[in-house]
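*Asks:* What follows is a single structure, and I will ask about it in a moment.
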Amino acid sequence: MTIASAPRSATSKPRAGCAPCSRSVFVRRTASFAVGAATILAIWWIGSIALDSPVLPGPGAVALRSVEIAPRLAVHAGASLGRVIVALILSVVLAVPLGLVMGRSRRVDRVIAPTTYLLYPVPKIALLPLVFLVVGIGEAARILIVVMVLFFQILVAVRDASRAIPAGYLVAFVSLGGTRRQAIRFVLLPAILPQLLTSIRIGTGTGLAVLFFAETFFTDRGLGAFIVESWMRVSYVEMLSGIVTLGLVGFGLFAAIDAIEHRVCRWARLAEAKTTEAQPTP
1 MTIASAPRSA
11 TSKPRAGCAP
21 CSRSVFVRRT
31 ASFAVGAATI
41 LAIWWIGSIA
51 LDSPVLPGPG
61 AVALRSVEIA
71 PRLAVHAGAS
81 LGRVIVALIL
91 SVVLAVPLGL
101 VMGRSRRVDR
111 VIAPTTYLLY
121 PVPKIALLPL
131 VFLVVGIGEA
141 ARILIVVMVL
151 FFQILVAVRD
161 ASRAIPAGYL
171 VAFVSLGGTR
181 RQAIRFVLLP
191 AILPQLLTSI
201 RIGTGTGLAV
211 LFFAETFFTD
221 RGLGAFIVES
231 WMRVSYVEML
241 SGIVTLGLVG
251 FGLFAAIDAI
261 EHRVCRWARL
271 AEAKTTEAQP
281 TP
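This is the structure in C-alpha cells:
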C-alpha cells in the first residue's frame, strides 16, 4: 500500500501545477502548426501564379473542388485509413512481444537478430509484386505490405528499448513481491512506450508512402487509386485534392499518436521538465 500510494502523492502536485503549462504548450503548438500551414499555402499560391499552368492550380480552386467531391474523397480516405489502422494493429501485436523477448533474452536475440538485420534494410515496396503473387490482389496484400514496413520498425525499436532497461529495475520489482507478468506491465511496457510510439510515428509515414504505391494496382478504392486516376484523366485539381487529403490523413495519424504519447507518457514529460529545471542557467 505504501509503494502504491507513493507515486500518486508524488504526481498529484505536478499534475495540478502543470495544467497551465499544458495549455500554454497546446497554444504554442497550435500556433506553430497554423504558421506552418500558412507558409505552405503561401508557397503553393505563389508557385501557382508563377507557373501559370493548369498543372498546378491554386489552393483556392483545389479547396472548392475538394468540397464538391467530398463524399468521394471520404470513401477513398476511409479505405486508405482503414488499411493503415489494421496494419498498425497487426504490427504492434506481432512486433512488441517478439521485441521484448529479443531484448531480454540474448539466446533468442542471437537466433532472430540475423534474419531481422537481413530483411529490415530491404525496400518493402520492391516486394510488392511478390506479395501480389503469393497473397493475391485483394485487401490482404495491401495490408501485408504496410505490416512489413511497420513490423520491422517497431521490432527493432522495442528490442533496443527493452535491452536498455537495467536488470536492477526488474530485480527490485520482483524483490518487492511483483510477478513476472506484473513486471512486464508495470516496468517493461512503460519503459519502452516512448521508443515504441516514436517507431510507430516514423513507420506510419513510410507505410503511407508504400500504401499509396500499392493502391495504384488492382483496386479502385483508396487515395492512391484516386490520385493516379485523376492524373490519368488530366484532372489536376482533383489530383491535388487527393494529395491534400492524403496529407491530412497522415497528419491526423501523427496527431493521434502524439495525443496517445501525451496521455500515456506523462512520467517522461515530468522527468524531462525536472531535468530542465535542474540544469544551471547560463
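Numbered by this note's numbering, the letters in the sequence shown go through residues 1 to 282 in order. For glycine and all other residues, C-beta sits at the position ideal for the given N, C-alpha and C.
1) Just to check my reading of the structure: Tyr236 and Pro54 have Cβ atoms closer than 8 Å, yes? What is that Cβ distance to the nearest angstrom?
2) For Ile85, report the span of its alpha helix (DSSP H) as first-last.
3) My understanding is that Val147 touches Ser91, with C-beta atoms under 8 Å, so please give their C-beta distance in whole angstroms.
4) Can you tell me whether Val256 is helix, strand or coil according to DSSP?
5) Based on Cα-Cα distance, which residue from Ile69, Ile145, Ile43 lies nearest to Gly58?
6) Report yes if the C-beta distance between Ile200 and Ile154 is below 8 Å; otherwise report no.
7) Check whether the stretch 176-190 touches the stretch 113-133, taking contact to mean three or more Cβ pairs, one atom from each stretch, closer than 8 Å.
8) Pick helix, strand or coil for Gly203, following the three-state DSSP scheme.
9) To which residues of the same chain is Thr204 closer than 8 Å at the C-beta, ignoring the five residues directly before and after it?
10) Contact between the stretch 94-110 and the stretch 160-167 is defined here as three or more beta-carbon pairs at a separation below 8 Å; is this criterion met?
11) Within its chain, find whatever has a CB closer than 7 Å to the CB of Ile3; leave out the 5 residues flanking it on each side and keep chain order.
12) Can you give, in chain order, each stretch of the beta strand (DSSP E) that sits fully within the stretch 130-189 and has at least 3 residues?
13) I need the DSSP call for Leu56, collapsed to helix, strand or coil.
*Replies:* For this structure:
1) 6 Å
2) 70-104
3) 5 Å
4) According to the sequence provided, residue 256 is Ala. The question's Val does not apply to it. Reduced to three states, the DSSP call for Ala256 is helix.
5) Ile43
6) yes
7) no
8) helix
9) Val84, Leu88, Leu150, Gly250, Leu253, Phe254, Ile257
10) yes
11) Here the model assigns Ile3 a pLDDT of 41, short of 50, so the residue's position is not dependable, and the following value carries that caveat. These residues qualify, in order along the chain: Leu176.
12) none
13) coil
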